[in-house]
Amino acid sequence: MSTPATASVIVHGHFYQPPRENPWTDEVERQPSAAPAHDWNERITAECYCPNGWARRLDREGRIVSLINNYAGMSFDIGPTLFRWLDRKAPGTVRRIVEGDRDSVVRRGGHGNALAHPYVHAILPLAHSTDRVTLITWGIAEFKARFGRAPEGMWLPETGVDLSTLMLLHEYGIRYAVLAPWQATRVRPLEGERWRELGSNWIDPSHPYRCRLPHKGAIDLFFYDAGLSRAIAFEDLLQEPGRLAGRLTEVARNSPSRLHILCTDGESYGHHTRFGERAMAVVVAQATTSKEFSLTNFGAYLAHTPPTHEVVIREGSAWSCAHGLGRWKEDCGCSTGGQPGWRQRWRAPFREAIDGLRGDLHRLFAEQADRFFIDVWAARNDYITILLDRSDASIGAFFGTHARRPLSQQERATALQLLEMQRHALLMQSSDGWFFSDISDIEAAQNLKHAARALDLASAFRTAHIEARFLARLQAARSNVPAERDGRRIWESRVRPTRVDLTRPAAIYAIRSLAAHLPAPYRIYTFDLHRLVLERLPSINGMAVAGGVAVSSSLTLERKEFGFVLKWSDADGIDGYLFPWRGPDDLYRWQEICAGQTDGGSLSSDTQATPITLQALSSDECQEILMTLYREWEALRKRYDELAAHSRGLLRAFFDAGLAPPQALRAPAEFTLTRNLEEALQQWLSDGGAGLFRSLLLLADDARRLNLPQQQGVQDLLSRTFTIRLDRLRTHPDPDSLREVQEVLDLTDRLGYTIDQPESVVLMHELLIHDVAPLVERVVRTESTEECDLVSAILRLCDRFGLSTEGFRQRLHPIEERLAADPGLWP
3 MSTPATASVI
13 VHGHFYQPPR
23 ENPWTDEVER
33 QPSAAPAHDW
43 NERITAECYC
53 PNGWARRLDR
63 EGRIVSLINN
73 YAGMSFDIGP
83 TLFRWLDRKA
93 PGTVRRIVEG
103 DRDSVVRRGG
113 HGNALAHPYV
123 HAILPLAHST
133 DRVTLITWGI
143 AEFKARFGRA
153 PEGMWLPETG
163 VDLSTLMLLH
173 EYGIRYAVLA
183 PWQATRVRPL
193 EGERWRELGS
203 NWIDPSHPYR
213 CRLPHKGAID
223 LFFYDAGLSR
233 AIAFEDLLQE
243 PGRLAGRLTE
253 VARNSPSRLH
263 ILCTDGESYG
273 HHTRFGERAM
283 AVVVAQATTS
293 KEFSLTNFGA
303 YLAHTPPTHE
313 VVIREGSAWS
323 CAHGLGRWKE
333 DCGCSTGGQP
343 GWRQRWRAPF
353 REAIDGLRGD
363 LHRLFAEQAD
373 RFFIDVWAAR
383 NDYITILLDR
393 SDASIGAFFG
403 THARRPLSQQ
413 ERATALQLLE
423 MQRHALLMQS
433 SDGWFFSDIS
443 DIEAAQNLKH
453 AARALDLASA
463 FRTAHIEARF
473 LARLQAARSN
483 VPAERDGRRI
493 WESRVRPTRV
503 DLTRPAAIYA
513 IRSLAAHLPA
523 PYRIYTFDLH
533 RLVLERLPSI
543 NGMAVAGGVA
553 VSSSLTLERK
563 EFGFVLKWSD
573 ADGIDGYLFP
583 WRGPDDLYRW
593 QEICAGQTDG
603 GSLSSDTQAT
613 PITLQALSSD
623 ECQEILMTLY
633 REWEALRKRY
643 DELAAHSRGL
653 LRAFFDAGLA
663 PPQALRAPAE
673 FTLTRNLEEA
683 LQQWLSDGGA
693 GLFRSLLLLA
703 DDARRLNLPQ
713 QQGVQDLLSR
723 TFTIRLDRLR
733 THPDPDSLRE
743 VQEVLDLTDR
753 LGYTIDQPES
763 VVLMHELLIH
773 DVAPLVERVV
783 RTESTEECDL
793 VSAILRLCDR
803 FGLSTEGFRQ
813 RLHPIEERLA
823 ADPGLWP
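Here our numbering is used: the first residue of the sequence shown is 3, the next is one more, and so on.
Okay, here's the thing in structure tokens:
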């Protein structure tokens with residue numbers, strides 16, 4: 003807690019990414035603009051979310067003194083759409099985030115750093131009242147599931163606020179929110195009568211305020227320091243590690259005993275400013291010893307400094323629009339990106355289209371779901387329990403609470419379809435769709451994809467008129483890009499083609515079955531697949547299969563059965579069809595038709611048959627499938643092995659002469675060498691024999707001589723081997739374990755790869771802090787020559803990873819001198 007002479011500082015990071023998943027597959031597809039990363043979530047995680055969990059604090063030589071968990075020092079919120087992705091793709095980062103909050107609860111009197119966030123980043127004052135309730139209750143439930151505690155505060159998307167929203171926050175147990183300083187209109191002391199009008203002035207952000215609500219109760223509000231917050235971006239306070247801490251020290255000296263709040267997008271710390279997390283790490287570390295300022299969070303500050311003044315908010319305002327909420331409903335002049343002369347007249351019809359569709363889907367839900375649920379809106383609010391846990395037990399408990407009567411499996415599937423329709427009806431309201439310069443931007447297209455998914459889920463209830471009405475409204479949203487024309491054109495060209503039904507996973511299953519024996523059950527995206535029958539067919543110069551598969555959605559329980567006949571020929575590629583499953587006998591009929599053995603039968607003209615083509619798949623799916631077929635192409639492997647063996651002498655002659663061999667000569671050697679290297683690494687990973695290590699070194703020499711391009715598969719195997727062997731060293735700190743780790747590093751160097759990845763640095767830091775430190779103390783106590791040599795070797799290993807080992811070396815130095823002076827220990 004702050005002393006009277008110490009300023010209190012709250013640094014808040016709003017961490018958020020819009021939903022990027024394909025709404026039908028629930029997977030983020032490749033985004034070329036994020037290269038070399040697969041997508042923007044992956045890229046920003048590597049640049050920001052992960053580094054903030056292990057932020058490097060450096061000494062003057064640039065060596066790592068410590069790894070700081072910034073989430074334990076700063077206040078933060080994480081949008082649920084981002085948290086959901088992190089949970090699946092970066093669980094280690096999620097654990098670090100939760101650890102940071104848990105640590106802050108302990109250190110700050112039971113008040114955690116994390117704030118809740120509505121489930122979707124929608125502008126709450128523009129949302130329907132029932133949607134606001136759902137977004138808030140889902141956000142609270144998601145927070146409780148992540149952090150294991152109830153939230154005290156909630157971050158409002160874009161700090162969009164009105165009294166109705168604050169009343170709902172209060173109703174659901176939220177104690178405080180955070181706003182921009184221009185979102186207040188007047189203030190007065192709690193016991194005073196006369197209001198002070200702020201006019202165009204900003205509110206004093208140095209203390210919290212109480213906002214009395216119309217009917218009963220109140221909610222506390224904080225207002226951030228806009229000047230200090232903007233300096234993070236516009237005065238480059240994150241460019242150098244100590245600059246932000248220096249500014250905070252200066253501000254604290256000039257204004258002691260005051261509260262200073264900085265609020266920015268969390269992505270400032272590492273994504274917008276490279277290595278910006280290191281500046282925050284210095285603040286976190288310095289705050290523990292600083293006499294000028296201490297870090298705190300909103301809940302902890304309120305606990306010892308409650309509001310003394312009352313405030314009236316500016317209704318319908320936000321932190322990122324100078325025109326109230328115009329940025330999300332009209333051509334107000336606020337935008338990001340675009341070209342000179344562009345206008346945002348598209349926003350109003352886009353808002354009208356989305357709001358109109360929301361209303362239509364509300365009415366459909368209320369009418370259809372009433373057949374299944376006691377209270378349709380209570381059921382929707384509680385659907386979050388299934389979103390967080392899709393186990394049979396969770397689904398059973400949900401229907402046990404909300405169903406009017408025992409429901410059949412088909413009725414449950416229909417009910418879940420309606421609820422999932424409503425989830426996408428909420429996601430289509432994400433604020434990002436209106437934030438930027440044009441309706442053709444990917445954020446607006448993402449909103450439209452969620453609208454399309456909602457309409458797909460509604461289609462069982464004869465809703466063609468709803469889609470027609472929506473598209474008519476969408477047509478009025480004119481793009482600034484002539485080729486994009488309007489919202490309806492974007493729908494037809496960029497949204498409709500992304501739609502996926504149960505035939506997609508069935509087709510993927512059929513193609514994968516060509517090259518591999520798939521386990522049962524099998525999972526593709528959110529679909530569960532169960533093999534009904536599978537038969538491998540004779541094929542000349544290729545592969546062929548016929549079979550049946552049952553596909554069900556884990557989201558809606560929708561289920562269909564398909565038969566398939568598929569062949570891959572070396573000359574023509576993939577050719578095959580899906581068709582309704584009617585049993586094994588019918589499958590044989592389809593096989594005969596496919597083989598041309600039945601007169602009058604043609605797959606291509608049969609309306610029940612759906613062609614299986616790679617063109618119908620996403621680029622990620624195509625790459626994965628084609629690479630699988632490529633690896634299993636035995637004829638190609640044999641041919642390349644033979645060519646590589648026959649050309650070895652000629653290839654070596656080129657290298658010995660210092661000449662670059664032709665690509666036709668290199669290709670077989672590259673193919674064979676890469677495969678041999680991966681297979682040898684796999685074997686070494688399992689048994690680690692000395693003979694294998696020597697073979698790998700020879701392969702590495704060949705790879706360097708050939709200038710073999712680096713392969714992600716090899717990098718992954720090296721990293722896995724390093725992690726396993728480092729764990730062994732931590733468990734058994736002895737020369738043999740150390741040698742095994744050093745072998746991985748030697749091989750990595752020989753291949754020209756690197757193991758100095760962030761994850762490896764974290765592992766080495768844990769080794770240094772948790773394992774080496776007690777070893778050093780034991781050496782000091784016992785003066786063991788063997789252990790002293792071991793520790794010295796491990797410290798050299800830590801040096802390689804940029805870790806500061808000076809303190810440990812100073813501790814060992816007197817022991818090393820005494821051991822060196824003992825003639826009995828000389829060789």
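Every residue, glycine too, gets a C-beta built ideally from N, C-alpha and C.
Keep in mind the model is a prediction, meaning the values are calculated, not measured.
From the options, pick the residue whose C-alpha is nearest to that of residue i; which is it?
i, options, result
"R538", "I526, Y524, T528 and F566", "F566"
"L390", "R798, L740, W87 and I12", "W87"
"N43", "W56, E29 and G55", "E29"
"S439", "C334, A454 and Y579", "C334"
"T558", "L418, R425, I526 and Y527", "L418"
"L765", "P737, S794, E779 and S721", "S721"
"I376", "R706, M430 and L409", "L409"
"A129", "M430, N72 and V189", "M430"
"R345", "F437, P34, F224 and G804", "F437"
"M629", "Q684, G268, R727 and I513", "I513"
"S68", "A795, N709, S786 and H767", "H767"
Can you round the beta-carbon distance between residue i and residue j to whole angstroms, since I take them to be within the 8 Å contact cut?
i, j, result
"D842", "R212", "Residue coverage of the chain in this structure runs from 3 to 829, which leaves residue 842 outside it and unanswerable."
"L792", "T807", "Actually they are not in contact, since the Cβ atoms of L792 and T807 sit about 14 Å apart, beyond 8 Å."
"S433", "E486", "Between E486 and S433 the Cβ distance is about 21 Å, and since that is not below 8 Å, they are no contact."
Just how far apart, CA to CA, sit residue i and residue j?
i, j, result
"R813", "G272", "35 Å"
"A381", "H404", "6 Å"
"R820", "A775", "20 Å"
"Q599", "I614", "Reliability fails at Q599, whose pLDDT of 47 lies under 50, so the model's placement of it is uncertain and no value is given."
"D572", "N543", "6 Å"
"N256", "D206", "16 Å"
"E594", "D587", "11 Å"
"S10", "L230", "14 Å"
"M3", "E279", "Caution applies to M3, whose pLDDT of 45 falls short of 50 and renders its modelled position unreliable; the model cannot decide the point."
"W56", "F78", "16 Å"
"Y755", "Q717", "7 Å"
"D601", "Y590", "Any reading at D601 must be qualified, since the residue scores a pLDDT of 44, below 50, and its modelled position is unreliable; the value itself is stated next. Cα to Cα, D601 sits roughly 15 Å from Y590."
"I12", "M76", "7 Å"
"I46", "A647", "45 Å"
"V180", "T167", "13 Å"
"Q412", "F472", "29 Å"
"T830", "P183", "One cannot answer for residue 830 here, as it falls past the ends of the chain, which runs 3 to 829."
"D496", "D488", "The residue you asked about is not Asp; residue 496 is Arg in the sequence shown. The alpha-carbon atoms of R496 and D488 are separated by roughly 12 Å."
Can you tell me whether DSSP reads residue i as helix, strand or coil?
i, result
"L450", "helix"
"I66", "strand"
"G603", "Confidence at G603 is low in this model, with a pLDDT of 48, below 50, so the placement of that residue should be treated as unreliable; the coordinate-derived value is given next. Note: G603 maps to coil in three-state DSSP."
"L181", "strand"
"L792", "helix"
"T1", "There is simply no residue 1 to check, as the chain begins at 3 and stops at 829 in what is shown."
"P582", "strand"
"A546", "strand"
"A662", "coil"
"R316", "coil"
"C596", "helix"
"W828", "In this predicted model, W828 has a pLDDT of only 48, less than 50, meaning its place in the structure is not dependable; the value taken from the coordinates is given anyway. DSSP places W828 in coil when its eight states are reduced to three."
"H16", "strand"
"T528", "coil"
"C800", "helix"
"A39", "coil"
"G201", "coil"
Compare the C-beta of residue i against all C-beta atoms of chain D and say whether one is closer than 8 Å.
i, result
"P760", "Chain labels in this structure do not include chain D; a single protein chain is all it has."
Counting pairs of Cβ atoms below 8 Å between the segment 474 to 486 and the segment 437 to 453, do you hit three or more? yes
Given 8 Å, three or more beta-carbon pairs between the segment 309 to 316 and the segment 91 to 109: no
Tell me, please, whether the segment 189 to 206 touches the segment 237 to 249 by the rule of three or more beta-carbon pairs shorter than 8 Å. no
Evaluate the contact criterion for the segment 672 to 683 versus the segment 649 to 662: three or more CB pairs, one atom per stretch, below 8 Å. no
Inter-stretch contact (C-beta, 8 Å, three-pair minimum) for the segment 185 to 199 and the segment 346 to 354: no
Segment contact, 8 Å Cβ cut-off, at least three pairs: the segment 525 to 535 with the segment 547 to 558: yes
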